[in-house]
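**Student:** Just so you know, the protein sequences line up as chains H and Z, in that order.
Heads up: the first sequence at position 15 corresponds to 53 in the numbering used here, and the numbers run straight through without jumps.
Heads up: the second sequence at position 115 corresponds to 117 in the numbering used here, and the numbers run straight through without jumps.
Note that beta-carbon positions come from the ideal geometry of N, C-alpha and C, so glycine has one too.
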Amino acid sequence: MQNRVKKQFCALLFVAVILAHTAGCAPADTTAAESDAATVGQSDAAATVVSTAAETETQPVLEGNLFLTVSSITFSQVGEREDVYLGLIPRELVTWESENPDVISVENGVLTAVGVGTTVIHASYDQREVSCTASCLAQTREELESLDDDILSAPKRIVPEVDLKEPCTYFDDAAIVGDSITYMMMQYENKDNALGNILFLARGGVSMRGFVNRYKNIYFQGREMYLEDAIAQSQVKRVYFLMGSNDVGAGLEMDVIFDNWRTMLDRIWEKSPGVEIVLISSIPKYVDNPERQTPDSYNPMTVEYNAGIRQFAQENGCMFLDLHAYIEDHWGRMSTLYNVDNYHLNEQGCLNWLQVMRYYAQYESEGGTLV
Amino acid sequence: MKKIICAMIAICIVVGLTGCGNGAQEAASVDLEAVYDGYQQYLPEMFFPDEATLLNFLGIRTEDCAQYKIAICSEGMRADEIWLIEAKDDAAMETLTALAQTRIQAKLDETESYVPDQFQIVQKAEVLTNGRYLALLISPDVDTLKAGFEAAFQ
Chain H
39 MQNRVKKQFC ALLFVAVILA HTAGCAPADT TAAESDAATV GQSDAAATVV STAAETETQP
99 VLEGNLFLTV SSITFSQVGE REDVYLGLIP RELVTWESEN PDVISVENGV LTAVGVGTTV
159 IHASYDQREV SCTASCLAQT REELESLDDD ILSAPKRIVP EVDLKEPCTY FDDAAIVGDS
219 ITYMMMQYEN KDNALGNILF LARGGVSMRG FVNRYKNIYF QGREMYLEDA IAQSQVKRVY
279 FLMGSNDVGA GLEMDVIFDN WRTMLDRIWE KSPGVEIVLI SSIPKYVDNP ERQTPDSYNP
339 MTVEYNAGIR QFAQENGCMF LDLHAYIEDH WGRMSTLYNV DNYHLNEQGC LNWLQVMRYY
399 AQYESEGGTL V
Chain Z
3 MKKIICAMIA ICIVVGLTGC GNGAQEAASV DLEAVYDGYQ QYLPEMFFPD EATLLNFLGI
63 RTEDCAQYKI AICSEGMRAD EIWLIEAKDD AAMETLTALA QTRIQAKLDE TESYVPDQFQ
123 IVQKAEVLTN GRYLALLISP DVDTLKAGFE AAFQ
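Put into structure tokens, the structure is as follows:
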């Protein structure tokens, strides 16, 4: 009996020891076990970290450059805001920074003038970064109007620079339709062909009213013809329009102007189905006494026209390019930097226009969309 | 014998006359670059359209031209424009002359209400021809330029 009990006791003891080892309950092994547990926990954590990092590392870095609308912007007074981000990375993934938020703050690409001064705005994503200078001139309207005209007549916005000497084929299947403003651009552009083989359909004095009513048409290859016929015969794939100055200048009602636009687009697309249309905002003119402008003066009417042409473009399947923004000064008139005769752009103005065209061409060629 | 001599003299006279006639009908060869060089002091800054612009803007096909020098004012809305062209053949000459007339009409339409001072200059524009040579001259100094073109053939 006792032997049997002893045998049972030894067997139980043996089993207990085996169990103790496997469970890691021995003192020396306990520390190790705890360490192991902690390590496991850390490893789990590390594993969690690693797995998170792994998850992070497997999240793809998006392709695409960062584009701002400006290399430099000058707000007239505190309180003004402007979205300067074009793309191509979703803005919420971009890191935005103002070197002096007390002057200009930035949130997701929207700048707000907070105080008077100048600072730099940075946008970064992955290894990519772009920046612009941002300034604000005055706290109040009174303070603004007390500034020298040299300051107020400077352009509000400067487009990022593009090397115009680089050959450009982007516009080889495009045309640009316009009046004398475009004609003078053609004169300048022909010197260096900064827009490559773009087709100029420009004629002094033309208007959308003239095109629609057929009393002032376009010349193409030495013959006068309807605009829609010139576009069809040229076989271009895209047409830019810089029109409006002779319609607004004639005092036409806005609804009449846009009725004419609708008629013209219908005619163009009937003969050239699928041709892309880009509507360029009309530019302001220079005036000596801008403070005397009234709501029905040329420049305020041009602002109204441009708001309308932007909306018209969205509603009618066209694209929009805002040239006006890069021409205007703090009075809403043509900057003296670009003025030759109050209506037309001088060489610097034409150069600026070429820069705008080439910059947005670069933006589009990398995946951007004119809206 | 006398009859033979008279006949030979008559033949020589006829051959001589036809020879002189051919030489008088051929136009002189003119270097249009040299003609244009003589114009430059009377012209503002001009630009020289490339082949595509010549066709699309003016309707001129360079293959119709044996030589050409075409310049358009690059300063604002001034009307100054010069075409100096030697046509390749008679058919090309007819086409180019028609294009020149069309161009003047287009500029008259454009300037009449838009830039009246330039309209007056375009009204005095000249389209000149000499054999297969064509000149379109739009300039405040059109009379001087016209004289220069005509002198090139003397």
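Which whole-angstrom value describes the C-beta separation of H:SER404 and H:ASN103, a residue pair presumed to lie in contact below a C-beta threshold of 8 Å?
**Tutor:** First, the residue type needs correcting, since residue 404 of chain H is Glu and not Ser in the sequence shown. That belief holds up - the Cβ atoms of H:GLU404 and H:ASN103 are roughly 6 Å apart, short of 8 Å.
**Student:** Run down chain H in chain order and give the residues with a C-beta less than 8 Å from the C-beta of Z:ASP38.
**Tutor:** Correcting the residue identity first, residue 38 of chain Z is Tyr in this sequence and not Asp. Within 8 Å Cβ-Cβ: nothing; Z:TYR38 doesn't reach chain H, min ~17 Å.
**Student:** Is the segment 75-87 of chain Z touching the segment 139-149 of chain Z in the sense that three or more CB pairs, one from each, lie closer than 8 Å?
**Tutor:** As far as the Cβ criterion goes, the segment 139-149 of chain Z touches the segment 75-87 of chain Z, which means the pair count is three or higher.
**Student:** Measuring alpha carbon to alpha carbon, tell me which residue in H:ARG119, H:MET224 and H:THR301 is nearest Z:PHE50.
**Tutor:** If we check each option's Cα against that of Z:PHE50, H:MET224 comes out closest.
**Student:** Whose CA, out of H:GLU145, H:ARG129, H:ASN298 and H:LEU126, lies closest to the CA of H:VAL135?
**Tutor:** The question names Val, yet the displayed sequence has Glu at residue 135 of chain H. Checked all of H:GLU145, H:ARG129, H:ASN298 and H:LEU126; the closest Cα to H:GLU135 is H:GLU145.
**Student:** With 16 as the cutoff for other CB atoms within 10 Å, does Z:ALA73 come out buried or exposed?
**Tutor:** Classification of Z:ALA73: buried, given that the 10 Å Cβ count is 16 or more.
**Student:** Would you kindly check if the distance between the Cβ of H:SER245 and the Cβ of H:ASP285 is under 7 Å?
**Tutor:** Contact: yes.
**Student:** On the DSSP letters alone, give me the boundaries of the alpha helix (DSSP H) that Z:ASN132 sits inside.
**Tutor:** First-last for Z:ASN132: 128-132, but that is the beta strand (DSSP E), not the alpha helix (DSSP H).
**Student:** Taking Cβ-Cβ distances below 9 Å as the criterion, which residues of the segment 125-148 of chain Z are in contact with chain B?
**Tutor:** The structure shown contains no chain B; its protein chains are H and Z.
**Student:** For Z:LEU51, go through chain H and note every residue whose CB falls closer than 8 Å to its CB, in chain order.
**Tutor:** In the sequence under discussion, the amino acid at residue 51 of chain Z is Pro, which differs from the Leu named in the question. Result: ASN228.
**Student:** Is H:HIS437 helix, strand or coil by DSSP?
**Tutor:** Beyond the ends of chain H as shown, which are 39 and 409, falls residue 437 of chain H; an answer cannot be given.
**Student:** Can you tell me whether H:THR178 is buried or exposed, with buried defined as 16 or more other CB within 10 angstroms of its CB?
**Tutor:** Classification for H:THR178: exposed.
**Student:** What does H:ASN235 touch in chain Z if you count any residue whose Cβ is under 7 Å from its own?
**Tutor:** Neighbours of H:ASN235 on chain Z, chain order: ALA54.
**Student:** Under a three-way DSSP split, which group does H:MET223 fall into?
**Tutor:** It is helical.
**Student:** If you check the beta carbons only, do H:TYR397 and H:VAL168 fall under 7 Å apart?
**Tutor:** In this structure, H:VAL168 does not lie closer than 7 Å to H:TYR397 by Cβ.
**Student:** Based on the DSSP secondary-structure assignment, which residues constitute the bridge partners of H:TYR257?
**Tutor:** Answer is H:GLU262, bridged to H:TYR257.
**Student:** Please name the residue or residues paired with Z:LYS71 in a DSSP beta bridge.
**Tutor:** BP columns for Z:LYS71 point to Z:LEU86.
**Student:** Under 7 Å between the Cβ atoms of H:SER373 and H:SER191?
**Tutor:** Result yes, Cβ atoms of H:SER373 and H:SER191 sit closer than 7 Å.
**Student:** Cutting at 7 Å between CB atoms, please list the residues of its own chain near H:TRP391, excluding the five before and the five after it.
**Tutor:** If we look at H:TRP391 and ignore the five residues flanking it on each side, its Cβ neighbours are MET223, LEU361 and LEU383.
**Student:** Quick check: H:ILE189 and H:SER109, are their CB atoms within less than 7 Å of each other?
**Tutor:** Cβ distance not < 7 Å, so H:ILE189 and H:SER109 don't count as in contact.
**Student:** Under 8 Å by Cβ, that's how I've got H:ASN235 and H:TYR324 pegged, so tell me the actual separation to the nearest angstrom.
**Tutor:** The Cβ separation is near 32 Å, so there is no contact.
**Student:** Please report the residue range of the alpha helix (DSSP H) in which Z:ILE138 lies.
**Tutor:** Note that residue 138 of chain Z is Leu in the sequence shown, not Ile. Looking at the DSSP string, Z:LEU138 is not in any alpha helix (DSSP H); the run it does join, the beta strand (DSSP E), is 135-140.
**Student:** Apart from the five residues just before and just after Z:THR131, which ones in its own chain have a Cβ nearer than 7 Å to its Cβ?
**Tutor:** THR99.
**Student:** Do H:CYS356 and H:LEU317 count as a contact pair if the criterion is CB distance below 7 Å?
**Tutor:** Yes. Within cutoff.
**Student:** Taking the continuous alpha helix (DSSP H) assigned at H:GLY346, which residues delimit it?
**Tutor:** Here the alpha helix (DSSP H) through H:GLY346 covers 336-353.
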